[in-house]
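> Mind having a look at this structure? Questions to follow.
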Amino acid sequence: MNTNLDGTSPARGVSAIAPKEGGGFPNPGLPPHTHRQADDSVPAQKRAERLVAAMFLLSILGTVVFIGAYFLVTPTGTNIFAEEGTPRALWWSNLVTGLGFAAAVFFIGAAAVHWAKTLMPDEEMVEERHDIRSSDETRETAATMITDGLAESGIARRPVIVTGMVAAFAALPIAVLAPLSTLGPLPGNKLHHTFWGHNPGQRLARDHDGTPIKLSDVAMNSIFHVMPEGLTHETPHHLEERAKAAAVIVRIDPKLAQNEDSMNMGVDGVLAFSKICTHVGCPVALYEQQTHHMLCPCHQSTFDVTDGAKVIFGPAHRPLPQLPIEVDDEGYLVAPGDFTEPIGPSFWNIHKDK
Amino acid sequence: MTTTTPSSRKQASDGEGTSRAYKLGAIGGDWLDQRVSGGGLVKEFARKIFPDHWSFMFGEVALYSFVILLISGTFLTMFFDPSMEEVVYSGPYEALQGATMSRAFESTLEISFEVKGGLLFRQMHHWACLVFMVAIFVHMFRVFFTGAFRKPRELNWLVGFTLMILGMVAGFSGYSLPDDVLSGNGLRVIDGLMKAIPIVGTYLSMLLFGGEFPGTAIIPRLFTIHILLVPAMILGLIVIHLVMVVWHKHTQYPGPGRTERNVVGFPVLPVYAAKAGGFFFLVFGIITLISATTAINAVWVYGPYDPSPVSAGSQPDWYMLWTDGGLRLIPGWEFTIFGYVISLNMLIPMAIYGALLAVLALYPFIEAWVTGDDREHHVLDLPYNAPVRTAFGVSWIMTYLILALAATNDLIAIALHLSINDLTWAFRIGIFVVPVLSFYITKRLCLSIQRQKRNLALHGKETSRVVRTETGDMLEVHAPLSDYERWVLVQHDDYRPLSAGKGVSSLRAKATSFFFKDRIEPITPAELREAIAHAEHEKHELDELTGGDYRTPAEKAVH
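As you go down the protein sequences, you meet chains A and B in turn. Going by our numbering, the first residue of the first sequence is number 403, and it counts up by one from there. Going by our numbering, the first residue of the second sequence is number 270, and it counts up by one from there.
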């Protein structure tokens, strides 16, 4: 009991192998070999030979097509199938060069494999395995080499050196932190503020064309994707600023409102919220007019804009931060300050004032 | 090796040509041998035996698609410009003319629209990556289900596992490079995930992006990771992987004449040189064919990255899907302690992903601990002979699939006209229920197959010929198996649960019970002798009744 099937015991502990009752069955050895067609028939052999040679020829044909197409069916220059520079020309170029190259490589492979399968010997050969572990003699020699080497280094007799060495190797990895720290600045308070807060009194402008929005432009149940008017391509770090300042405005019927604080931050039912999901930061780009829900297309967090953009479904936890808005003298929507809290995904110290 | 050709005249001319080639080869061989001792290398490898089985092909597919990735990737680096400098597009693609974009995106458009063969190489690079990852996964589970990870191959399992992880890193860093809307949002998810890590999260994000997201550093940094760091690591590990395969000699499926002490198959020269070498060209050809006919990652449709837009149907490449699924299923759990935020809605999915990977990496060691089996294993298990392992593997795959499907819940909801909320809830329940259910079903299936194989080995194949005796008994005529056929059914090892005590901890006793308490007793030689004696007795009876002719009266009339 508790021995391996080959009569040895496991080096440690007990094995769960069930010994074979009656010693198991004898291995009957390799079965007799059956011949293939081409092993016995010369015509079959010739046929296989011709097929292999033909496939190599097909590969050459593919190479010719590829080279020809590379210069005659180009995306922007000469193209014998479509007008130069059109999407059709690109399509043809990709197709014909691709098919040519595919044939050039595929038929080399097909020829080689067919050759091996029909004409090369398929009689199975047997090779013995050897123990992976080295022989006892080798192990002993190896062990002696290591112990001798260590003894010569005097490592056991010189604890001071060992202590110093361990300390040095322990200290060195800390050095890695220094160059690592130059990869980027510290977060500071960057994640707590946006362009709106840095530049109070910004008009809300339509995203992309940059035109400011009047209160009267905002129809009931509509949605606008907005950016601060002053945030343009000339603004330093404008992509980073856009990544934080992106917002939407929606107009809802004040009768549907469930959240007074939220309504008070808007004007006549026009409310502005951050467009950056509080889950992992995708833009919350979908708005359902009927239900007044905003949906993040990445992970389906759903926010109810009639209730301060509270999460009603999905993985997000915090409501979309609201951007308090007012109307200026000319009737344009302006933001007197920043979002009510930091935007985007939650992080460790998001609730700490910075 | 001698070749036979029908015409003797041709043979003579062949002989001349061959002898000249041999002479040249001998000169070259001598030159090399005197410098790098090539003779020893050839002696060691040229006639090395590898066993043949279709399932050993997947690893090859992975290797070959990696070579294709290197070739196509090198072409792409000649034209790609990993810069986030802003430019205004004025190229041939009309829809984006005048749009501001990064130089990285612009150069991707140039490769696609202007460089001859550029689109083909881009599509080959992307398709080869998808094939690479599929092949890695299928290969990994071939190894898993056949127990090829057992001693002495545990380390090679870990090398392969690391290659799978590196493949994901390579893929993600690669598809982020074009700087389009889709990949930009992928990076933003990574940014959000990193920020959720307590204490160090925001620092990590700032360090990775060189400041706030998206910054201007991430594309060049990913470029270095993608074309230098990760491929170098993959290449190094592939070398180790293959050296170990040669060192251990390949595993083989059980069969007559195959033992733990031998390897039965074909030599490298000429068979595998032709078959495996040819197979590289086949994989190359098929990937090229797909790339010639099927568009992939048309970044010009998505547009250049801008932090504001995103569209529904934002899915990563298939091998990253599972990492997105958990993020969609987790409820919005987050709590604040002493004013600091713990984002469970991100930490729990990340922990689950880590646990799924860890249990896969460690499985060989877990199983070895349970069985206490420290022999070398070179003959593979048939999956049904290891019911718990197989059930565990299927259960793991089902968990993975649920996560991957959950990451496509918006697409499924649209395609099937389902509510996305209901669908999400179905997946939330499914991720707990399906793995357990699939474990149980798989295990029972394996045991049933074992039972069926046991009957087959004892009684032979059913012939559908039933004879009624004078007493009204029905006897079916069985065709006995040959020794060769039966060997595959009776050769496997069997394990049994251990009881605690005598060097077996109670935890291990429970583990062995979990693994082996449901077992089908293997056939013993005595049982087989009895079965054969019984069969002979029955055959005697049948022969008396039928005169040895088992045909039906109708058949007799026809023939």
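A virtual CB, placed ideally from N, CA and C, is assigned to each residue, including glycine.
Does the Cβ of R720 of chain B have 16 or more other Cβ atoms within 10 Å, making it buried, or fewer, making it exposed?
The residue is exposed, with fewer than 16 neighbouring Cβ atoms inside 10 Å.
> Give a yes or no on contact between the stretch 756 to 769 of chain B and the stretch 677 to 694 of chain B, applying the rule of three or more CB pairs nearer than 8 Å.
With the cut-off at 8 Å, the stretch 756 to 769 of chain B and the stretch 677 to 694 of chain B do not touch.
> What ranges does the alpha helix (DSSP H) occupy inside the stretch 660 to 722 of chain A, keeping only unbroken runs of at least 4 residues that lie completely in it?
As far as the stretch 660 to 722 of chain A is concerned, its whole alpha helix (DSSP H) runs of at least 4 residues are 662 to 666.
> Contact between the stretch 441 to 452 of chain A and the stretch 800 to 820 of chain B: three or more CB pairs below 8 Å?
No, the stretch 441 to 452 of chain A is not in contact with the stretch 800 to 820 of chain B.
> Which value, in whole angstroms, describes the spacing of the CA atoms of F741 of chain A and V438 of chain B?
Using only the alpha carbons, I get a separation of about 36 Å.
> With respect to the beta strand (DSSP E) encompassing E745 of chain B, which residues constitute its N-terminal and C-terminal limits?
That run of the beta strand (DSSP E) goes 743 to 748.
> Taking F535 of chain B as part of the beta strand (DSSP E), name the residues at either end of that continuous run.
Where F535 of chain B is concerned, the enclosing beta strand (DSSP E) stretches over 531 to 536.
> If I'm right that I718 of chain B touches F410 of chain B with Cβ under 8 Å, what's the distance once you round it to whole angstroms?
Their Cβ separation, rounded to whole angstroms, is 18 Å, which puts I718 of chain B and F410 of chain B out of contact at 8 Å.
> Would G416 of chain B and D763 of chain B be called neighbours here (beta carbons separated by less than 8 Å)?
Not in contact: G416 of chain B and D763 of chain B (Cβ atoms no closer than 8 Å).
> Rounded to whole angstroms, what is the Cα-Cα separation between K476 of chain B and G586 of chain A?
As written in the sequence, residue 476 of chain B is Leu, which differs from the Lys given in the question. So the alpha carbons of these two residues sit roughly 4 Å apart.
> State the Cα-Cα distance for the pair L301 of chain B and G307 of chain B, rounded to the nearest angstrom.
So the two alpha carbons sit approximately 6 Å from each other.
> What residues in its chain sit with their C-beta under 6 Å from that of P614 of chain A, if we drop five residues either side in the sequence?
The residues are R605, A607, E631, Y734.
> Can you tell me the Cα-Cα spacing of P820 of chain A and N661 of chain A, whole angstroms?
Any property of residue 820 of chain A remains undetermined from this structure, which presents chain A solely from 403 to 756.
> DSSP puts E529 of chain A in a beta bridge; with which residues?
Bridge partners of E529 of chain A: B:V532.
> Straight-line CA distance for R777 of chain B to G554 of chain B?
Going from the Cα of R777 of chain B to the Cα of G554 of chain B covers about 51 Å.
> Taking the alpha carbon of V579 of chain B as the reference point, which residue from A:L579, A:A645, A:A455, A:G502 has its own alpha carbon closest?
V579 of chain B has its Cα closest to that of A:A645, out of A:L579, A:A645, A:A455, A:G502.
> When we look at the beta-carbon of S282 of chain B and count the other beta-carbons within 10 Å, is it buried (16 or more) or exposed?
Per-residue confidence for S282 of chain B stands at a pLDDT of 49, beneath the threshold of 50, marking its modelled position as unreliable; the derived number appears in the next sentence. Exposed, by the Cβ-count rule.
> According to DSSP, Q439 of chain A sits in a beta bridge with which residue or residues?
Per DSSP, none; premise fails for Q439 of chain A.
> Counting only Cβ pairs nearer than 8 Å, list the residues of chain A close to Y709 of chain B.
Neighbours of Y709 of chain B on chain A: none; closest Cβ ~22 Å, over 8 Å.
> In whole angstroms, what is the alpha-carbon distance linking K279 of chain B and I509 of chain B?
Because the pLDDT of K279 of chain B is 44, which lies under 50, any placement of that residue in the model is unreliable, and the number read from its coordinates should be weighed accordingly. Rounded to the nearest angstrom, the two C-alpha atoms are 46 Å apart.
> Quick one, are the C-beta atoms of R457 of chain B and C684 of chain A less than 8 Å apart?
Closer than 8 Å, so yes.
> Could you check whether F597 of chain A and E643 of chain A sit closer than 8 Å to each other, using their CB atoms as the reference points?
Contact: yes.
> Looking at the unbroken beta strand (DSSP E) that takes in F604 of chain B, where does it start and where does it end?
F604 of chain B -> beta strand (DSSP E) spans 604 to 606.
> Determine the chain B residues that contact M696 of chain A at a beta-carbon separation under 9 Å, and present them in chain order.
Correct list: empty, because the minimum Cβ distance to chain B is about 13 Å.
> Starting from E731 of chain B, follow its DSSP beta bridges and name the residues at the other end.
E731 of chain B pairs with B:H747.
> Using DSSP with H/G/I as helix, E/B as strand and the rest coil, what is P618 of chain B?
It is helical.
> Closest Cβ-Cβ distance between N751 of chain A and chain B: below 8 Å?
Interface residue, yes.
> Using a cut-off of 8 Å between C-beta atoms, extract the partners of A543 of chain B located in chain A.
Those within 8 Å of A543 of chain B in chain A are A514, V515, W517, A518, M522.
> Below 8 Å CB to CB, which residues in the same chain sit around T640 of chain B once its five sequence neighbours on both sides are set aside?
Around T640 of chain B: Y764, T781, F784.
> Just verifying my parser: in three-state terms, what is the DSSP assignment at L446 of chain B?
It is coil, neither helix nor strand.
> Would DSSP call H394 of chain B helix, strand or coil?
Residue state, collapsed to three classes: helix.
> Per DSSP, what kind of secondary structure is A362 of chain B in: helix, strand or coil?
First, the amino acid is wrong: residue 362 of chain B is Tyr here, not Ala. Looking at Y362 of chain B - three-state DSSP - the assignment turns out to be coil, as it is neither helix nor strand.
> Using 8 Å as the Cβ pair cut-off and three pairs as the minimum, do the stretch 332 to 349 of chain B and the stretch 382 to 397 of chain B touch?
Verdict: yes, contact present.
> Apart from the five residues just before and just after T732 of chain B, which ones in its own chain have a Cβ nearer than 6 Å to its Cβ?
Around T732 of chain B: V746, A748.
> At 4 residues or longer, what runs of the alpha helix (DSSP H) sit wholly inside the stretch 553 to 594 of chain B?
The qualifying runs are 568 to 571.
> Just reading off the beta strand (DSSP E) that Q604 of chain A is part of, what are its end residues?
From DSSP, the beta strand (DSSP E) with Q604 of chain A extends over 604 to 608.
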